[in-house]
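A.B. asks:
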Amino acid sequence: MRTPVTALPAAIRVEQVSHRYGTTTVLNNVCLKVPKGTIMALLGPSGCGKSTLLKLLAGLLHPDSGRLFFGEQKVVDGRFSLPPEKRSLGMVFQDYALWPHMTVGQNVIFPLQMRGVAPKQRQQRMLEALDRVGLADFHHRRPAELSGGQQQRVALARAIVAEPQILLFDEPLSNLDRNLRESLCEEMAVLLRQLGTTAVYVTHDPQEAETLAHCIARMNQGAIERIDLLDGNRQSGLSRIDPFVA
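Residue numbering for the sequence shown is 13 to 258, as defined by our numbering.
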């Protein structure tokens, strides 16, 4: 039986984080705890602040105020900001972000090269990651030879190959057609639960959030309005939890 979400230690803590673009406040004193091993969806309309919050977690932006922790590790506090490459993150973008001049295998291996993993281990782990997403036989192909769904699977394999502590997803399925989006969403839900890695998933699609997530943080106008805790059948709104204690 799965340990209740509220009993799990926090893998991510967001403490009173605010961020502005010019005079526009896009995040206003946001607090959030993401339990270890859970999938947290950030759900809301365009401009609600969900992608900005994800970029702060990734180290692509620095907040104007507030603190971030990954487990007990301080990530952001005042002027201090842990560099993105030291945050043990894997990230999947909306536009795949694959290098066209590299093969599929080379794209997936790249994070391992950056970490200094031995060549033999790199090859083995690359094939294992591609096998997890059903593309083990595609490692010699170029991204341009793949469909959109296949390219997104490659991006997912690249994100998980280095076994990061946290996975971040920025609306990765929004460029796909409805049928493909639904099927790939189901596949990702299964894979993420098998991995057991803490994940934060940004989306504007409620169905996508309910399919993938253990918890849904519903955002609007730079704030988290509520968090819904889903049951094993992924039924939305089973219970609600305070973002300070999740």
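Glycine included, each C-beta is placed from N, C-alpha and C at the ideal position.
Please read these numbers as outputs of a predicted model, since none were measured by experiment.
Identify whether MET13 lies in helix, strand or coil by the three-state DSSP scheme.
C.D. replies: The residue you call residue 13 lines up with position 1 of the sequence shown. At MET13 the pLDDT is 47, less than 50, meaning the model places this residue with poor confidence; the figure from the coordinates comes in the next sentence. Residue state, collapsed to three classes: coil.
A.B. asks: Report the three-state DSSP secondary structure of CYS227 (helix, strand or coil).
C.D. replies: Translated into the one-based positions of the sequence shown, residue 227 becomes position 215. CYS227: strand per DSSP, three-state reduction.
A.B. asks: Note down the Cα distance separating HIS31 from VAL88, rounded to an integer number of angstroms.
C.D. replies: The residue you call residue 31 lines up with position 19 of the sequence shown. The residue you call residue 88 lines up with position 76 of the sequence shown. Computed Cα separation, rounded: 13 Å.
A.B. asks: Below 8 Å on the Cβ atoms is my contact criterion, and I expect SER100 with GLY71 to pass it. Report the Cβ-Cβ distance as a whole number of Å.
C.D. replies: For the purposes of this step, residue 100 is taken as residue 88 along the sequence shown, with counting starting at 1. For the purposes of this step, residue 71 is taken as residue 59 along the sequence shown, with counting starting at 1. In fact, because the Cβ distance is near 11 Å, the residues do not count as touching under 8 Å.
A.B. asks: What three-state label does DSSP hand PHE81 in the structure shown?
C.D. replies: What you label residue 81 is simply residue 69 of the sequence shown in a count that begins at 1. Of the three classes helix, strand and coil, the one that applies to PHE81 here is strand, per DSSP.
A.B. asks: Is VAL145 buried or exposed, if buried means 16 or more other CB atoms sit within 10 Å of its CB?
C.D. replies: The count along the sequence shown starts at 1 and reaches residue 145 at position 133. So VAL145 ends up on the buried side.
A.B. asks: Just curious, the beta strand (DSSP E) that VAL129 is in, first and last residue?
C.D. replies: Locating residue 129 in the sequence shown gives position 117, counting from the first residue. Looking at the DSSP string, VAL129 is not in any beta strand (DSSP E), and its letter there is neither H nor E.
A.B. asks: Skipping 5 residues on each side, what residues in its chain have a beta carbon closer than 8 Å to that of GLN28?
C.D. replies: The residue given as residue 28 occupies position 16 in the sequence shown. Within the same chain, GLN28 has close Cβ partners ASN41, VAL42, CYS43, SER77, GLY78 and ARG79.
A.B. asks: By the DSSP assignment, the beta strand (DSSP E) with GLN28 in it spans what residues?
C.D. replies: Locating residue 28 in the sequence shown gives position 16, counting from the first residue. Here the beta strand (DSSP E) through GLN28 covers 22–33.
A.B. asks: Does DSSP put ASP182 in a helix, a strand or coil?
C.D. replies: One-based indexing of the sequence shown puts residue 182 at position 170. Note: ASP182 maps to strand in three-state DSSP.
A.B. asks: Look at the alpha carbon of ILE178 and the alpha carbon of LEU168, and state the distance between them as a whole number of angstroms.
C.D. replies: Residue numbering aside, residue 178 sits at position 166 when the sequence shown is read from its first letter. Residue numbering aside, residue 168 sits at position 156 when the sequence shown is read from its first letter. Cα to Cα, ILE178 sits roughly 13 Å from LEU168.
A.B. asks: Could you pull the start and end residues of the alpha helix (DSSP H) that VAL212 belongs to?
C.D. replies: Within the sequence shown, the letter at position 200 stands for residue 212. Premise fails: VAL212 lies in the beta strand (DSSP E), 210–215, not in any alpha helix (DSSP H).
A.B. asks: Under DSSP, the beta strand (DSSP E) around LYS45 begins and ends at which residues?
C.D. replies: Here residue 45 refers to the residue found at position 33 when the sequence shown is read from its first residue. Start and end: 36–47.
A.B. asks: With a cut-off of 8 Å on the beta carbons, I'd call VAL9 and GLU237 a contact; round off their distance for me.
C.D. replies: Because the chain spans 13 through 258 in this model, residue 9 falls outside it and cannot be assessed.
A.B. asks: When you compare each of GLY59, PHE81, PRO75 and THR35 to PRO47 by their alpha carbons, which one comes out closest?
C.D. replies: Residue mapping note: residue 47 aligns to position 35 of the sequence shown, counting from 1. The shortest C-alpha separation from PRO47 is found at PHE81.
A.B. asks: Relative to the C-alpha of VAL173, which residue among THR209, MET114 and LEU185 is closest?
C.D. replies: As a first step, residue 173 is located in the sequence shown; it is residue number 161 there, counting from the start. A check of alpha carbon separations from VAL173 across THR209, MET114 and LEU185 identifies THR209 as the nearest.
A.B. asks: Name the residue from VAL212, GLU220, ALA130 and PRO176 whose alpha carbon lies nearest to the alpha carbon of LEU196.
C.D. replies: Here residue 196 refers to the residue found at position 184 when the sequence shown is read from its first residue. Minimum Cα distance to LEU196 is reached at GLU220.
A.B. asks: Exposed or buried, SER63, counting other C-beta atoms within 10 Å across all chains shown (16 or more means buried)?
C.D. replies: Position 51 of the sequence shown, counting from 1, holds the residue named residue 63. With 16 or more Cβ atoms within 10 Å of its Cβ, SER63 is classed as buried.
A.B. asks: So what does DSSP say about PHE105, is it helix, strand or coil?
C.D. replies: Here the question's residue 105 lines up with position 93 in the sequence shown. Three-state result, PHE105: coil.
A.B. asks: Can you grab the Cα-Cα spacing for the pair GLN118 / GLN206, in whole Å?
C.D. replies: What you label residue 118 is simply residue 106 of the sequence shown in a count that begins at 1. What you label residue 206 is simply residue 194 of the sequence shown in a count that begins at 1. Approximately 25 Å, taken between the alpha carbons.
A.B. asks: Quick one, are the C-beta atoms of LEU68 and PRO75 less than 7 Å apart?
C.D. replies: Counting from 1 along the sequence shown, the entry for residue 68 is found at position 56. Counting from 1 along the sequence shown, the entry for residue 75 is found at position 63. Yes.
A.B. asks: If I measure Cβ to Cβ from TRP111 and keep anything under 7 Å in the same chain, skipping five residues before and after, which residues do I get?
C.D. replies: The count along the sequence shown starts at 1 and reaches residue 111 at position 99. Same-chain partners within the cutoff: ASN119.
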